[in-house]
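K.L.:
First residue of the sequence shown? That's 0 in numbering that gives the first Met the number 0, and the numbers climb one at a time after it. Even for Gly, the Cβ is constructed at its ideal location relative to N, Cα and C. Owing to the predicted nature of the structure, the values given are computational and were not obtained by experimental measurement. One structure, pasted below without further comment.
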Amino acid sequence: MGGGSAIDAGKAIAALVTNPGDALDYLEVIGGGHPLQHAAAPFIAIPTTAGTGSEVTMNAVLASAEHQVKASLRSPLMLPRLALVDPELTYGLPRTITASTGLDALTQLIEPYVSVRANVMTDMYCVEGIRRAAGALARVWEHPDDREARGDMAFASLLGGLSLANAGLGAVHGFAAPVGGMFPAPHGATCAAVLPHAMEMNVRALRQRAPESLALARYGEIGRLLTGRPYATAEDGVAWTREICRRLEIPPLRAYGVREADIPLLVEKAAKASSMKGNPLVLTPQELTEMIGQAI
């Protein structure tokens with residue numbers, strides 16, 4: 000019971016109770032990546048943020064101080080037996096946590112929608128989730144006791160978890176792994192700081208290299224869902240995201256100690272992150288450098 004970090008820690012503990020060895024034996028990217036042999040100990044997941052959607056995903060994100068990165072322990076054997084999503088558990092969240100976790104939920108709807116692994120099922124989840132989050136984010140920030148908005152964000156977070164578990168993520172989460180491993184930056188705040196810049200870079204790169212792609216058309220649909228305007232463009236969606244980050248007072252990554260001198264190592268690690276595999280196209284090192292530089 001708790002936010003994404005608490006639930007992920009619980010999921011990892013449940014998995015290691017029934018599987019021998021160390022967590023590093025099973026971690027992706029930095030560890031052995033071995034598959035779990037036994038189902039995790041039974042557990043119930045109850046989220047108190049909206050949120051990571053961790054209550055319905057099959058991975059636990061763990062930070063390695065040694066490797067200065069976050070990596071996933073992943074297996075379908077790690078799914079909770081039951082997920083209980085009650086919006087009332089989010090009513091007492093501080094505004095900063097409401098904002099950062101809410102934008103993480105939005106990120107986890109946008110990235111699967113344009114992912115190379117997007118599919119018919121996750122498309123439905125993403126469209127509905129983006130629509131709900133777009134209408135509720137500012138409302139829960141300004142009126143924390145807005146029951147309808149809290150309910151919409153809880154449902155959007157749940158849909159985001161289902162979407163990322165079945166379609167993957169993208170560049171935002173590709174950078175969240177090394178930023179969160181190298182600096183005391185909360186996951187949601189990192190995703191919020193990077194999201195508008197990743198959207199802008201993906202849209203620009205798609206217009207240049209794949210102007211007829213489905214992913215670019217979907218960024219246009221995201222623009223319409225976010226703004227509520229039937230003729231909105233992908234760039235309008237980017238502008239809406241920039242504005243909501245400003246409105247919700249999302250700090251840049253430099254607030255957590257990230258500096259321009261850190262960019263080369265962050266780019267190197269992000270390019271290897273498992274989440275980056277879902278991005279709608281492969282971004283060049285120069286594009287990744289520009290993107291993370293804007294987030295700092």
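#1: What separation, rounded to the nearest whole angstrom, lies between the Cα atoms of residue 100 and residue 25?
#2: Grab the span of the beta strand (DSSP E) containing residue 58 for me, first residue to last.
#3: With 16 as the cutoff for other CB atoms within 10 Å, does residue 118 come out buried or exposed?
#4: Going by Cα to Cα distance, which pick from 116, 45, 15, 102 is closest to residue 276?
#5: Any chance the segment 36-48 sits against the segment 78-86, with 3 or more Cβ pairs inside 8 Å?
#6: CB-CB under 8 Å to residue 66, same chain, minus the five flanking residues each way: which ones, in chain order?
#7: Using three-state DSSP, classify residue 96 as helix, strand or coil.
#8: For my contact list, residue 104 and residue 49 are in at a C-beta cut-off of 8 Å; report their separation, rounded to the angstrom.
#9: Check whether the segment 160-169 touches the segment 136-148, taking contact to mean three or more Cβ pairs, one atom from each stretch, closer than 8 Å.
#10: Could you check where the beta strand (DSSP E) with residue 72 kicks off and where it finishes?
#11: Determine, using beta carbons only, whether residue 161 and residue 2 come nearer to each other than 8 Å.
#12: Mind checking which residues open and close the alpha helix (DSSP H) that includes residue 129?
#13: Please name the residue in 71, 285, 159 whose C-alpha comes closest to that of residue 129.
#14: Going by DSSP, which residues form a beta bridge with residue 43?
#15: From the DSSP output, in three-state form, read off residue 150 for me.
#16: Within 8 Å, do at least three Cβ pairs link the segment 83-97 to the segment 208-222?
#17: Assuming residue 89 and residue 47 form a contact by the criterion Cβ under 8 Å, report the distance between their Cβ atoms to the nearest whole angstrom.
#18: Using 8 Å as the Cβ pair cut-off and three pairs as the minimum, do the segment 216-223 and the segment 142-152 touch?
#19: According to DSSP, simplified to helix, strand and coil, what is residue 219?
#20: When you compare the CB positions of residue 173 and residue 274, do they come within less than 8 Å of one another, or not?
#21: Considering only residues of the same chain and omitting the five flanking positions on each side of residue 184, which have a CB-CB separation below 6 Å?
#22: As a quick exercise: from 97, 289, 163, pick the residue whose alpha carbon is nearest that of residue 108.
#23: Along the chain, where does the alpha helix (DSSP H) containing residue 9 start, and where does it finish?
#24: Along the alpha helix (DSSP H) that carries residue 179, what are the first and last residues, could you check?
#25: Quick check: residue 191 and residue 251, are their CB atoms within less than 8 Å of each other?
#26: Straight-line CA distance for residue 245 to residue 21?
#27: Pick helix, strand or coil for residue 194, following the three-state DSSP scheme.
#28: Would you list, in sequence order, the uninterrupted alpha helix (DSSP H) runs of no fewer than 4 residues that lie entirely inside the segment 219-281?
#29: Judging by CA-CA distance, which residue of 141, 286, 68 is the nearest neighbour of residue 176?
#30: With a threshold of 8 Å on Cβ separation, who are the neighbours of residue 32 within its own chain once the five nearest residues in sequence on each side are excluded?
#31: Please state the DSSP three-state secondary structure of residue 163.
#32: In angstroms with no decimal places, state the Cα-to-Cα distance between residue 189 and residue 34.
P.N.:
A quick look at the data gives this:
#1: 27 Å
#2: 58-63
#3: exposed
#4: 116
#5: yes
#6: 29, 180
#7: helix
#8: 6 Å
#9: no
#10: 68-73
#11: no
#12: 119-141
#13: 159
#14: 81
#15: helix
#16: no
#17: 6 Å
#18: no
#19: helix
#20: yes
#21: 178, 255
#22: 163
#23: 3-17
#24: 170-181
#25: no
#26: 42 Å
#27: helix
#28: 233-246, 262-271
#29: 68
#30: 25, 26
#31: helix
#32: 29 Å
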